[in-house]
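K.L.:
Got a structure for you, written out below as structure tokens; questions coming shortly.
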Ligand code: GLV
Ligand code: MN
Ligand code: MN
């Protein structure tokens, strides 16, 4: 079977051009969901997609679809893409790579005048990162019927801005129906997402391609610890109920318990806020987040139970009040066997060293897997570093992943 190649240098230049929007402070990007920077990134993508002959539409969640028609215009499309929003100190490739690899696939099909039987759509999902609005992956979550549109719009950022209002402000609240087509999500033939691995495995094993078999489970919690707000100079140590000291012990407990549970579990406290936060005041409250992940759903639940019990014990011992809410559960996901094999075959035919891999990071593909056959293609990233402005890949790595995406799209979009 013929294997096709994308235009690697064009893809690389497109990635670098997108990275000029919303520059960070250390060579990466700050393009938080539904900010002015996100709008500029979306505008640039739409202009490129239109120049490539695509019809561009938006749904009510601001998800963008750039459609290249197929010989059978009404056939269910093959969808490929990812996200353009970034973390506050994000890299240039997390998400962006999957969107622009999809664009490069369409451009390459155009160069060769290759028609497909089914339409091919490049998609940009709204608020994948979950940094400004939580939980994450809400655009694909609403599209897939996992959340209602109302739930999506009602997500609130740290300043009290609602996602629905932010979407309207940047002009990306589209009209196409979402998540309810007409009784369930819009029919999609299959979904492919190319992404950087964001971890160290492919690089360490000198593999060019990760054929992603699934995504590990994730639980997010919000904790609020309250104690007694008091004077730092006059309150004797033995009568204090200091929520910051309690919260610090809880952070240590998350780390200790996760390490002791299983080597493939991870636990992180990423947000931490004290109130009122004054040098000579024992704080009244501390709020923090907990992110727990494991490929095994049962073990993830055990880990969550242990962390909850430990935090409860600490607050009890110290006379503090603890509120610990689970705000999100994303179950472990297995991708579609046929799509996974299609990707493995495309990698094999191109002669790329490849291996199966479970994704440590969350992706929109998780929610798409609930409504259509889904798979992901990983490429290595330098030192496995991501969610960091230093995140890096090479043009060759970008090109290899896009080649596998191109050939996988061709196979799927020509299926009856
Ligand atoms: C998204 O990037 C996540 O894995 O949290
Ligand atoms: Mn991502
Ligand atoms: Mn990310």
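Numbering (the numbering used here), first residue to last: 11 to 426.
From the three backbone atoms N, C-alpha and C, an ideal C-beta is built for every residue, glycine too.
No experiment lies behind these values; they were computed from the predicted model shown.
(1) How about residue 103 and residue 25: do their beta carbons lie closer than 8 Å?
(2) Inspect the beta-carbon positions of residue 189 and residue 100 and report whether they are closer than 8 Å.
(3) What does DSSP give as the partner residue(s) for residue 231 in the beta ladder?
(4) Helix, strand or coil for residue 253 per DSSP?
(5) Just checking residue 139 against ligand 3 - is the residue's beta carbon closer than 7 Å to any of the ligand's heavy atoms?
(6) Going along the chain, which unbroken runs of the beta strand (DSSP E) with 3 or more residues stay wholly within the stretch 41–122?
(7) In the DSSP assignment, what residue or residues form a beta bridge with residue 199?
(8) Shorter than 7 Å, the distance from the beta carbon of residue 372 to the closest heavy atom of ligand 1, or not?
(9) Can you tell me which of the three DSSP states residue 223 falls into?
(10) Rounded C-beta distance between residue 420 and residue 14? I'm assuming under 8 Å.
(11) With a threshold of 16 other CB atoms inside 10 Å of the CB of residue 183, please say whether the residue is buried or exposed.
(12) Since residue 260 sits in a beta bridge, which residues does DSSP pair it with?
(13) Less than 8 Å between the C-beta atoms of residue 55 and residue 67, yes or no?
(14) So what's residue 394 in DSSP terms, helix, strand or just coil?
(15) Using CA coordinates, which residue listed in 250, 350, 27 is at the minimum distance from residue 292?
(16) What residues in its chain sit with their C-beta under 6 Å from that of residue 5, if we drop five residues either side in the sequence?
(17) Which stretch, first to last residue, makes up the alpha helix (DSSP H) that contains residue 412?
(18) With three or more C-beta pairs closer than 8 Å as the rule, is the stretch 232–243 touching the stretch 282–300?
(19) If you draw a straight line from the alpha carbon of residue 124 to that of residue 270, how long is it in whole angstroms?
(20) Beta-carbon within less than 6 Å of residue 402's beta-carbon, same chain only, minus the 5 sequence neighbours each way: which residues are those?
(21) Nearer than 7 Å: is that true of the beta carbon of residue 205 relative to any heavy atom of ligand 2?
(22) Does ligand 1 have even one heavy atom less than 7 Å from the beta-carbon of residue 9?
(23) Using only alpha-carbon positions, find the residue among 281, 130, 29 that is nearest to residue 142.
(24) Is residue 195 buried or exposed, if buried means 16 or more other CB atoms sit within 10 Å of its CB?
(25) Can you say whether residue 343 is buried or exposed, counting buried as having 16 or more other CB atoms within 10 angstroms of its CB?
(26) For ligand 2, enumerate in chain order all residues having a CB closer than 5 Å to any of its heavy atoms.
(27) Quick one: give me the first and last residue of the beta strand (DSSP E) that residue 130 is part of.
(28) Using 10 angstroms around the beta-carbon of residue 28, count the other beta-carbons present and answer buried if the total reaches 16, otherwise exposed.
(29) Quick one, which of 239, 97, 337 has its alpha-carbon nearest residue 290's?
(30) Reducing DSSP to helix, strand and coil, say where residue 318 ends up.
(31) Can you give me the Cβ contacts of residue 51 inside the same chain, cut-off strictly under 7 Å, excluding the 5 residues immediately before and after it?
(32) Just to confirm, is the Cβ distance from residue 222 to residue 386 under 8 Å?
(33) Residue range of the alpha helix (DSSP H) that residue 162 falls in?
(34) Per DSSP, which one or two residues make a beta bridge with residue 365?
(35) Buried or exposed: which applies to residue 208, given that a residue is buried once 16 or more other Cβ atoms fall within 10 Å of its Cβ?
(36) Closer than 7 Å: is that where the CB of residue 97 sits relative to any heavy atom of ligand 3?
P.N.:
Put simply:
(1) yes
(2) no
(3) 300, 336
(4) helix
(5) yes
(6) 65–68, 74–78, 88–93
(7) Note: residue 199 sits in no beta bridge, so no partner.
(8) yes
(9) strand
(10) 7 Å
(11) buried
(12) Paired residues: none, contrary to the question.
(13) no
(14) helix
(15) 250
(16) What is shown of the chain runs 11 to 426, which leaves residue 5 out entirely.
(17) 405–423
(18) yes
(19) 53 Å
(20) 392
(21) yes
(22) No answer is possible for residue 9: it lies beyond the span of the chain, which begins at 11 and ends at 426.
(23) 281
(24) buried
(25) buried
(26) 104, 105
(27) 130–135
(28) buried
(29) 239
(30) helix
(31) 28, 31, 32, 41, 94
(32) yes
(33) 159–163
(34) 220
(35) buried
(36) yes
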